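A quick write-up on the structure given underneath.
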Amino acid sequence: MLRFALLFALSLPALASAAPCGNTSSGFETWKKDFAKQAKRAGVKKKGLQALAQSQYATRTIAADRNQKSFKYSLDKFMRVRGADTIVVQGRKRKARNPQFYAALERQYGVPAGVLIAIHGMETGFGNFMGDSQVVSAITTLAYDCRRSEFFIPHAIGALKLVDQGSITTATKGAKHGELGHTQFLPGNAMQYGVDATGDGQVDFYNMTDALASTANFLRKKGWKPGRGYQQGQPNFAVIQQWNAASVYQQSIAIMAARIDG
Numbered sequence: 196m197l198r199f200a201l202l203f204a205l206s207l208p209a210l211a212s213a214a215p216c217g218n219t220s221s222g223f224e225t226w227k228k229d230f231a232k233q234a235k236r237a238g239v240k241k242k243g244l245q246a247l248a249q250s251q252y253a254t255r256t257i258a259a260d261r262n263q264k265s266f267k268y269s270l271d272k273f274m275r276v277r278g279a280d281t282i283v284v285q286g287r288k289r290k291a292r293n294p295q296f297y298a299a300l301e302r303q304y305g306v307p308a309g310v311l312i313a314i315h316g317m318e319t320g321f322g323n324f325m326g327d328s329q330v331v332s333a334i335t336t337l338a339y340d341c342r343r344s345e346f347f348i349p350h351a352i353g354a355l356k357l358v359d360q361g362s363i364t365t366a367t368k369g370a371k372h373g374e375l376g377h378t379q380f381l382p383g384n385a386m387q388y389g390v391d392a393t394g395d396g397q398v399d400f401y402n403m404t405d406a407l408a409s410t411a412n413f414l415r416k417k418g419w420k421p422g423r424g425y426q427q428g429q430p431n432f433a434v435i436q437q438w439n440a441a442s443v444y445q446q447s448i449a450i451m452a453a454r455i456d457g
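Everything in the sequence shown is counted per my numbering, starting at 196 for the first residue and increasing by one.
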């Protein structure tokens, strides 16, 4: 019993050194130091660890995470608020201007133009606004925040690895939840599914060609079946669900895509 008590006492410092998640900024700096050890074990190198050390608690990210009203709208209201009709009109023009580009993506990945264009339009208005929050700070804040830390920790690791490989820097701006580029990839997904479609040796999610090829690659790797339908009840709708968890978003993408491709 005495031996057990001694072993237990010796284990206490290790337990105490694990920085817990938090719901305010007060524990963020302590958590970063502990998370750096986890990131290093996961393969993050010097640049990524420096980016983690420089990251700041993102108050606007936490505010946005607590206030995601639009996903609670009805489908009609969601599509109206998110400008679905405009996305369709502009999307048809984009497809008509550059049909070979979208046809090449469909040949390679099996994903129709309408789906990629609808996602591009919904996420950033075709690249017109890709976010104003620092990606590394936003995603590490969410990894620290108790509400969904387990979900965001792999994406925080992904963001630090993207810094290591030169795809992003500490200054790179994205959405308030750390999504980045033309189609707003979460960093872990960007790391896993990113494609250098331009062949310049760098996966650049702020380059439309790389971003859309990466999006098509994501969908294909998630099980997209070329030539099969993507409306609700059809085989590829389940793959659209992998892109975003909100049902109104999923339905909107399917509806807009069909109108763009129609």
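Where is the CB? At the ideal position from N, CA and C, for every residue including glycine.
Treat the numbers as computed from the prediction; the structure is a model and nothing was measured.
Whether residue i touches residue j by CB criterion (8 Å)
i	j	result
LYS368	MET317	no
LEU414	THR335	no
VAL306	ALA453	no
GLU301	ALA308	yes
ALA253	SER344	no
ALA333	THR256	yes
ILE363	VAL390	no
TYR425	VAL310	yes
Spatial distance of residue i from residue j (CA atoms)
i	j	result
ALA279	ALA392	28 Å
LEU381	ALA408	15 Å
TYR304	ASP456	16 Å
SER250	LEU244	10 Å
LYS272	ALA441	14 Å
SER269	THR378	23 Å
ILE312	PRO215	41 Å
ARG287	GLU374	25 Å
GLY217	ALA237	22 Å
CYS341	LYS227	14 Å
Any non-hydrogen atom of the ligand SAM within 7 Å of residue i CB
i	result
PHE324	The ligand SAM is not part of the structure shown, which contains no ligands of any sort.
Cβ-based neighbour list, residue i, same chain, cut-off 7 Å, excluding 5 preceding and 5 following
i	result
LYS240	ASP359
MET386	GLY353, LYS356, LEU357
ARG261	none
Run of the alpha helix (DSSP H) containing residue i, from where it starts to where it stops
i	result
GLU301	294 to 304
THR254	254 to 260
TRP226	223 to 236
ARG423	From DSSP, ARG423 is part of no alpha helix (DSSP H); its letter is neither H nor E.
ALA338	330 to 339
Own chain, CB closer than 6 Å to residue i, minus 5 neighbours either side, in chain order
i	result
GLN436	GLN445
GLY376	PHE400, TYR401, ALA406
GLY418	VAL434
Sequence-distant residues of its chain with Cβ nearer than 8 Å to residue i (five each side left out)
i	result
ARG423	GLN429, PRO430, ASN431
ALA338	PHE230, SER344, PHE347, ILE348, HIS350, ALA351
Residue closest to residue i, alpha-carbon to alpha-carbon, out of the options
i	options	result
TYR388	GLY353, GLY373, VAL284, ALA370	GLY353
TRP438	ASN384, LYS371, ASP340, GLY322	ASN384
THR319	SER447, ILE282, ALA298, VAL398	ILE282
GLY322	VAL398, VAL310, MET403	MET403
ALA259	VAL284, ALA370, MET274	ALA370
SER447	MET274, TYR297, LYS235, GLU224	MET274
Test: residue i CB closer than 8 Å to a CB of chain B
i	result
ASN218	Within the model displayed, chain B is absent; a lone protein chain is all it includes.
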